[in-house]
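Taking it in order: structure first as structure tokens, then the write-up.
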Amino acid sequence: MELLFIISILLLTGIVAGFFAGLLGVGGGFLMVPVQYMILVSSGIDPTLAIRIALGTSLAVVFPVSCAAAFAHHSRGAIDWNAAVPIGIAGLIGGFAGGTLASHLPAEILKPLFGVMIIIAAIRMVTGTPVCQGKDDSCLFSWTLLGGVIGTLSGLLGMGGGILLVPILLLFFNLPIHRAVGTSSACILFFSIGGILAYIVHGLGVADLGSGYLGYIDLLQWIILTGTMIPLSRTGVATAHRLPAERLKRVFAIMMMIIGIAMIGILP
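Sequence positions in the sequence shown follow this note's numbering and run 19 to 286.
Rendered as structure tokens:
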């Protein structure tokens, strides 16, 4: 691929992913990973290395973008820190574990399963009802367990984890949609740190990677995607708080269905 064409694709990806990261409280990896994978493979990089680079770079982008989105949500009082802290700390550990697994296992095998999980979560979002008010101390264990599981998936699949975390916060902890989106953005901060560390540590010294990489992180892609996603994420946050809750929930469910179907067959 020509460099100019690659940069154009990455810029467009950053614009779209950044907007939805702020709008829906997700990391944007659902869009970044398949695009990065396509670019890397088309550039002649081995598919095994390509998927690891795509996952690692995606998480490296997710961190600063989620920082911007979380700050914007916090300024609007839309983050439940009582939930975000235990979920996030457990998710940081899980993110490192997931990134470590992805550095040694063919992560694409788990993508179809993850796609099915997303589709199920989307259906439950529009048809299910909350089963837990999530307002007592007994929820601390549930939050910690939730963070560990989703953090591991985040590191393993190079995604922020919000695509699953938001519907769970809605259905099982009865958070309002705007607060669930904001809390998810804060949790993603922690998830991404663990995954980033794993992809850097396990990617260092890989012979087939050149000087433009930090572990499994492609620095050029990171710069382009981060530079476009951060300002667009703030636009997404502002849009989210203008949309009625039910409309935002439907937008999220539709997006999840599309992503789930795509992920089932995204890789050869």
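Where is the CB? At the ideal position from N, CA and C, for every residue including glycine.
Item                                                                                                                                                        : Value
Are the CB atoms of I164 and I105 nearer to each other than 8 Å?                                                                                            : What sits at residue 164 in the sequence shown is Leu, not Ile. A contact, by the Cβ cut-off of 8 Å.
Could you check where the alpha helix (DSSP H) with H91 kicks off and where it finishes?                                                                    : 65-93
When the Cα of L232 is compared with those of T244, G245, A216, T246, which residue comes out closest?                                                      : A216
So, at 7 Å on beta carbons, what are the nonlocal neighbours of T201 in its own chain, with the 5 sequence-adjacent residues on each side left out?         : I97, D98, A101, A102, L187, L193
Please name the residue or residues paired with Y231 in a DSSP beta bridge.                                                                                 : D236
Below 8 Å between beta carbons: does that hold for T175 and L28?                                                                                            : The sequence shown places Leu at residue 175, not Thr. For L175 and L28, no; Cβs fall outside 8 Å.
Give the DSSP-derived three-state secondary structure of R260 in the structure shown.                                                                       : coil
Taking just the CA atoms, how far does L261 sit from S229?                                                                                                  : 44 Å
Can you tell me which of I111, S251, A90, V53 puts its alpha carbon nearest to the alpha carbon of T162?                                                    : I111
Within 10 angstroms of the Cβ of Q151, are there 16 or more other Cβ atoms? Answer buried if so, exposed if not.                                            : Confidence is the limiting factor: at Q151 the pLDDT is only 47, short of 50, which leaves the residue's position unreliable and the question unanswerable from this model.
Leaving out five residues before and five after V167 in sequence, what residues of the same chain have Cβ atoms less than 8 Å from its Cβ?                  : G112
Classify L158 as buried or exposed, calling it buried when 16 or more other Cβ atoms lie within 10 Å of its own Cβ.                                         : exposed
Does F38 pass the burial test, meaning 16 or more other C-beta atoms within 10 Å, or should it be called exposed?                                           : buried
Using DSSP with H/G/I as helix, E/B as strand and the rest coil, what is N192?                                                                              : coil
Short of 6 Å in beta carbon distance, which residues of its chain neighbour L227, apart from the five on each side in sequence? Order them along the chain. : none
Note down, in chain order, each residue of its chain lying with its Cβ closer than 6 Å to the Cβ of Y234, except the 5 sequence neighbours on either side.  : R70, I71, G74, Y217, G221
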